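Novice:
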Amino acid sequence: MNEKRNMDFNSRRDLEIISALAEPGSRILDLGCGDGSFLRKLKDEKKASVLGVEIDQDSIVRCVGNGVPVIQGDLNDHLDYLPDKSFDLAILSHTLQETRRPDRLLQDIVRVGKRAAVSVINFGHWRCRLQVAFKGKMPRSSQMPFQWYDTPNIHFCTLKDFRVLCADLGIRIVAEYPVSGRYPGLSRRHPNLFAIGCVFVLEAACR
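Just so we're on the same page, the working numbering is the position in the sequence shown counted from 1, plus 2.
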């Protein structure tokens, strides 16, 4: 779960949005942090106290080289080693669709973080729909560059699917920030059709 996070994060609009959400001096957790370059950016620019969780050994070595503290962990397992509300912001970026049980991971992330920023790839984007409808093939895009047989993605969803899941889990969506493609205005008005992805700000609902 690290290849996409080791890319140039300056080209990732979702990471720009998440960076703007991070408060100076806050405690930030990044699940599936890759080589830690994004956390290093938050550490340097926001003076944040950061921690990454990553499964890939090579990425962990690069995290350490970046001066980022990291725990080796599998996001398919429960995050029992992280206390409740131990972070101001917990980040999950372009990783949810790679996990075996996204529902369990979402419940964990709103438990350990006072708030969570979850970046979701939108399988309902109009280009994806057209590829299936007219080519009869699984869609590929800049967000999903893999072939169907070698992709790490095992759970595709639309933005509507994600909202329904949060409602079913009792997770409150505080804010949504659609990631636009070629049509920013349409992405804001009709994100499930025109946004290539979305950053959802989540928190556990009060019971």
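Ideal Cβ positions, reconstructed from N, Cα and C, are used throughout, including at glycine.
What you are looking at is a predicted structure, and each value in this text was computed from that prediction instead of being measured.
Considering only residues of the same chain and omitting the five flanking positions on each side of N31, which have a CB-CB separation below 6 Å?
Specialist: If you number the sequence shown from 1, residue 31 lands on position 29. The question names Asn, but residue 31 in the sequence shown is Leu. For L31, where only same-chain residues beyond five positions count, the Cβ hits under 6 Å are L53, F89 and A92.
Novice: Taking 6 Å as the cut-off, is the beta-carbon of Q145 closer than that to any non-hydrogen atom of the ligand SAM?
Specialist: Of ligands this structure carries none, so the ligand SAM is not represented either.
Novice: The beta strand (DSSP E) that contains F89, what's its start and end?
Specialist: Your numbering for residue 89 matches position 87 in the sequence shown. Looking at the DSSP string, the run of the beta strand (DSSP E) that includes F89 is F89 to S95.
Novice: With the cut-off set at 7 Å, would you say A206 and V114 are in Cβ contact?
Specialist: Within the sequence shown, residue 206 is the residue found at index 204, counting from 1. Within the sequence shown, residue 114 is the residue found at index 112, counting from 1. No, the Cβ-Cβ distance between A206 and V114 is not below 7 Å.
Novice: Could you check what DSSP says for R103 in three-state terms: helix, strand or coil?
Specialist: In the sequence shown, residue 103 corresponds to position 101, counting from 1. Reduced to three states, the DSSP call for R103 is coil.
Novice: What three-state label does DSSP hand F125 in the structure shown?
Specialist: The count along the sequence shown starts at 1 and reaches residue 125 at position 123. Coil, per DSSP.
Novice: If you compare alpha carbons, which of I156, F136, L161 and N124 is closest to S143?
Specialist: In the sequence shown, counting from the first residue as 1, residue 143 sits at position 141. Ranking the options by Cα distance to S143, first place goes to N124.
Novice: From what residue to what residue does the alpha helix (DSSP H) around S51 run?
Specialist: For the purposes of this step, residue 51 is taken as the residue at position 49 of the sequence shown. Taken as a continuous stretch (DSSP letters only), S51 belongs to no alpha helix (DSSP H), being part of the beta strand (DSSP E) at S51 to E56.
Novice: Is A119 closer than 7 Å to V201 when the C-beta atoms are compared?
Specialist: Position 199 of the sequence shown holds residue 201. Position 117 of the sequence shown holds residue 119. Yes, the Cβ-Cβ distance between V201 and A119 is below 7 Å.
Novice: Taking all protein chains shown into account, do 16 or more other C-beta atoms lie within 10 angstroms of the C-beta of R117, making it buried, or fewer, making it exposed?
Specialist: Taking the first residue of the sequence shown as 1, we reach residue 117 at position 115. Label assigned to R117: buried.
Novice: Rounding to the nearest angstrom, what Cα-Cα distance links D170 and L108 in this structure?
Specialist: Indexing the sequence shown from 1 puts residue 170 at position 168. Indexing the sequence shown from 1 puts residue 108 at position 106. Answer to the nearest angstrom: the Cα atoms are 11 Å apart.
Novice: DSSP beta-bridge partners for Q74?
Specialist: Here residue 74 is taken as the residue at index 72 of the sequence shown, counted from 1. DSSP output for Q74 lists E56 as bridge partner(s).
Novice: Run the CB neighbour count on F196, radius 10 Å, all protein chains shown included, and call it buried at 16 or more, exposed below.
Specialist: Residue mapping note: residue 196 aligns to position 194 of the sequence shown, counting from 1. Label assigned to F196: buried.
Novice: Is it right to say V66 is buried, meaning 16 or more other beta carbons lie within 10 angstroms of its own, or is it exposed?
Specialist: Here residue 66 refers to the residue found at position 64 when the sequence shown is read from its first residue. By the 10 Å Cβ count, V66 comes out exposed.
Novice: If we call anything under 7 Å between Cβ atoms a contact, is I73 one with H127?
Specialist: Locating residue 73 in the sequence shown gives position 71, counting from the first residue. Locating residue 127 in the sequence shown gives position 125, counting from the first residue. Not in contact: I73 and H127 (Cβ atoms no closer than 7 Å).
Novice: Secondary structure at I175, three-state DSSP: helix, strand or coil?
Specialist: As a working mapping, residue 175 is identified with position 173 in the sequence shown. Strand.
Novice: Are G27 and V70 touching if we call contact CB-CB under 7 Å?
Specialist: Along the sequence shown, one-based indexing puts residue 27 at 25. Along the sequence shown, one-based indexing puts residue 70 at 68. Not a contact, by the Cβ cut-off of 7 Å.
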